[in-house]
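Numbering-wise (full-length UniProt numbering), the sequence shown opens with residue 1 and increments by one. Every residue, glycine too, gets a C-beta built ideally from N, C-alpha and C. Model, not experiment: these values are computed from the prediction.
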Amino acid sequence: MMTGDTICSLRRDPAHRDPHRPPHSPLQISADPLKGGETEKKEKIEKIDLYNNNPLHHLLLPSPCRLQQRRGDTNGNTTPHHHDDNKTTDTPTTTEFPVHECVYKGDVRRLSSLIRTENIAQKDLHGNTPLHLAVMLGHKECAHLLLAHNAPVKVKNALGWSPLAEAISYGDRQMITALLRKLKQQSRENVENKRPRLLKALGICLFLLFISVPLLSRILPSDACKIYKQGMNIRLDTTLVDFSDRKCQRGDLSFIFNGEAPRAEAFTVLDNEQKVYQRIHHEDSEMDTEEEVDILMGSDIYSATLSTKSISFSRSQIGWLFREDKTEKVGNFVGDFYTVKGLVLESRKRREHLSEEDILRNKAIMESLSKGGSLSEQSFEPVRRQSLSAPEPNTLSWEEYISAEVGKAPPLGREQVCKENRKNFKATVAMSRDFPLGIESLLNVLEVIAPFKHFNKLREFVQMKLPPGFPVKLDIPVFPTITATVTFQEFRYTEFEESVFTIPADYKEDPNRFPDL
1 MMTGDTICSL
11 RRDPAHRDPH
21 RPPHSPLQIS
31 ADPLKGGETE
41 KKEKIEKIDL
51 YNNNPLHHLL
61 LPSPCRLQQR
71 RGDTNGNTTP
81 HHHDDNKTTD
91 TPTTTEFPVH
101 ECVYKGDVRR
111 LSSLIRTENI
121 AQKDLHGNTP
131 LHLAVMLGHK
141 ECAHLLLAHN
151 APVKVKNALG
161 WSPLAEAISY
171 GDRQMITALL
181 RKLKQQSREN
191 VENKRPRLLK
201 ALGICLFLLF
211 ISVPLLSRIL
221 PSDACKIYKQ
231 GMNIRLDTTL
241 VDFSDRKCQR
251 GDLSFIFNGE
261 APRAEAFTVL
271 DNEQKVYQRI
281 HHEDSEMDTE
291 EEVDILMGSD
301 IYSATLSTKS
311 ISFSRSQIGW
321 LFREDKTEKV
331 GNFVGDFYTV
341 KGLVLESRKR
351 REHLSEEDIL
361 RNKAIMESLS
371 KGGSLSEQSF
381 EPVRRQSLSA
391 PEPNTLSWEE
401 YISAEVGKAP
411 PLGREQVCKE
421 NRKNFKATVA
431 MSRDFPLGIE
441 SLLNVLEVIA
451 PFKHFNKLRE
461 FVQMKLPPGF
471 PVKLDIPVFP
481 TITATVTFQE
491 FRYTEFEESV
501 FTIPADYKED
511 PNRFPDL
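This is the structure in structure tokens:
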């Protein structure tokens with residue numbers, strides 16, 4: 001980058017004069033552009049060259065020829081370009097995305113040299129990382145090299161798709177398996193990296209929190225939760241084990257986190273009805289991984305994003321003639337009610353990798369589940385899936401891909417069969433300034449209990465920039481057809497017996513009780 005002193009010295013040094021400009025060209029600027037008579041001064045000040053630059057431009061900018069080199073001759077001028085060893089003639093996209101370019105071109109040799117110094121998690125103009133491109137184009141060597149250097153698998157592109165989603169579309173079983181394993185490894189590492197900060201943030205505070213989660217749907221029941229926290233120990237009692245937009249699983253569960261225990265013993269789930277428990281190890285057997293790959297290859301690829309770009313909060317009003325701000329008691333706390341607008345749930349579903357038989361089979365299973373059936377009643381046995389035939393080879397050049405309009409990335413890989421859905425939510429949130437717990441403390445607790453889907457959504461929602469206070473009541477869109485209203489009914493500081501955070505002696509271990517955890 002040139003400083004002002006550098007520009008001035010170049011201006012004074014004849015050696016840096018543009019060789020294509022005649023020695024006495026009228027475009028040349030004197031040391032004092034205002035020297036001479038008034039008329040001459042005015043002419044010199046207003047004089048513009050063929051690049052539409054006046055003398056002030058010349059004082060501040062490099063020479064026109066170098067500018068012409070930088071932006072290309074868009075006016076059809078044929079003035080020869082002066083070669084400057086200190087300048088690069090690469091396009092900005094080449095210099096900005098070198099790893100993407102060599103992956104796109106399948107240049108494994110160059111990738112292996114760049115991978116040690118360049119950012120392999122960088123997104124290009126379309127939101128794709130190098131791993132996205134390697135997977136979509138079927139460049140396996142590039143993909144495995146990126147995975148060996150821990151390229152992120154969970155990251156999504158501008159359309160909401162992860163490299164794993166693109167691998168499922170492409171249909172190479174070996175690649176799907178490699179990405180799934182790396183995703184789980186990175187998830188475990190992420191938990192471990194957050195652990196010291198999380199334990200420090202949990203602190204010594206102790207409390208009991210009652211939460212009501214009625215799900216506004218005819219087929220889904222409500223959930224009543226209790227959260228116990230004492231020092232680095234957290235216990236969540238819940239009645240809703242699992243749910244999706246079609247089914248739910250009820251129960252009497254306790255989720256215990258012991259912040260001082262070894263990692264393998266930190267997370268435990270108790271089934272209080274069957275009196276069994278399962279430790280969450282975050283490690284799968286080879287058979288578990290292969291079965292999961294079968295399920296992924298035989299199911300729709302789904303992506304959902306809660307968009308808050310246009311979100312706004314306005315005070316809710318009550319009264320017919322004389323309108324006033326709505327303030328009501330929620331549990332033990334007074335809450336100021338706000339209407340939330342601009343909240344959009346964007347969902348996309350892809351099935352280009354599925355056969356007609358797959359689609360009909362999945363539809364039959366979903367219809368049975370919606371009527372209260374279960375997977376066990378369907379005799380559901382995942383079929384061992386083989387790799388699909390590779391899609392047509394890519395014919396788009398790197399320059400065509402990277403110069404495509406932002407938001408309109410050209411299709412790579414298998415031609416997509418995608419169904420999109422956008423649903424606007426008009427939600428309500430009640431904020432209390434009297435609630436004794438801060439939002440940051442709640443987020444730390446929710447980060448621990450995030451494996452429960454509705455609490456993960458709650459955490460995402462609370463992370464938004466909310467009005468002042470604590471959200472004692474809020475609506476959360478969980479699926480396009482399901483909204484949860486979360487109410488923090490009661491909070492109190494209290495101490496608990498140690499047994500609250502330990503496994504009862506009469507409970508037996510069942511490592512397969514909760515296969516999805």
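Supposed close pair residue i, residue j - CB separation, criterion 8 Å
| i | j | result |
| --- | --- | --- |
| Y507 | K226 | Wrong, their Cβ atoms sit about 19 Å apart, outside the cutoff. |
| T129 | P152 | 7 Å |
| V383 | D294 | 6 Å |
| P410 | A404 | 5 Å |
| V417 | R351 | 5 Å |
| L114 | C142 | About 11 Å; that fails the 8 Å criterion. |
| E509 | Y277 | 6 Å |
| D288 | N272 | With 8 Å as the limit, D288 and N272 do not qualify as a contact, their Cβ atoms being about 26 Å apart. |
Beta-carbon proximity of residue i to residue j, cut-off 8 Å
| i | j | result |
| --- | --- | --- |
| M136 | E101 | no |
| Y170 | G138 | yes |
| F257 | I234 | yes |
| F514 | V269 | yes |
| L443 | V462 | yes |
| F425 | P477 | yes |
| R348 | G160 | yes |
| Q489 | G331 | yes |
| L133 | K182 | no |
| L354 | I176 | no |
| G335 | V486 | no |
| L164 | L180 | yes |
| G259 | L306 | no |
| K326 | S316 | yes |
| A427 | D475 | yes |
| L346 | R279 | Position check: residue 346 holds Glu in this sequence, whereas Leu was assumed. The answer is no: Cβ separation not under 8 Å. |
| H149 | I120 | yes |
Coarse secondary structure for residue i, derived from DSSP in three states
| i | result |
| --- | --- |
| K426 | strand |
| D294 | helix |
| S254 | strand |
| E460 | helix |
| Y507 | coil |
| S432 | strand |
| I45 | Summary for I45: the model assigns pLDDT 44, below 50, so the residue's position carries little reliability; its value from the coordinates is reported in the next sentence. Here I45 sits in helix by DSSP. |
| K419 | strand |
| S316 | coil |
| A484 | strand |
| Y302 | strand |
| I115 | coil |
| Q489 | strand |
| S397 | coil |
| T289 | helix |
| D358 | helix |
| I476 | strand |
| T327 | strand |
| K194 | helix |
| Q278 | strand |
| F501 | helix |
| R348 | strand |
Neighbour-count burial assignment, residue i, 16 or more Cβ in a 10 Å radius
| i | result |
| --- | --- |
| A364 | exposed |
| G407 | exposed |
| K229 | buried |
| R173 | buried |
| D237 | buried |
| F470 | buried |
| R109 | exposed |
| S162 | buried |
| D124 | buried |
| I318 | exposed |
| S254 | buried |
| L215 | Model confidence at L215 stands at a pLDDT of 44, short of 50, so the residue's coordinates are unreliable and nothing is read from them. |
| F333 | buried |
| H58 | In this prediction, H58 has a pLDDT of 42, which is less than 50 and means its spatial position is unreliable; nothing more can be read from the coordinates. |
| F322 | exposed |
| I402 | buried |
| A484 | buried |
Are there three or more Cβ pairs, one per stretch, closer than 8 Å when the stretch 333–348 is compared with the stretch 495–513? The answer is no - the stretch 495–513 does not touch the stretch 333–348, with fewer than three Cβ pairs under 8 Å.
With a threshold of 8 Å, are at least 3 pairs of Cβ atoms found where one atom belongs to the stretch 429–448 and the other to the stretch 392–399? No contact exists between the stretch 429–448 and the stretch 392–399.
Stretch pair the stretch 177–194 + the stretch 140–155: three plus CB contacts closer than 8 Å: Contact holds between the stretch 177–194 and the stretch 140–155, because three or more Cβ pairs, one in each stretch, are under 8 Å apart.
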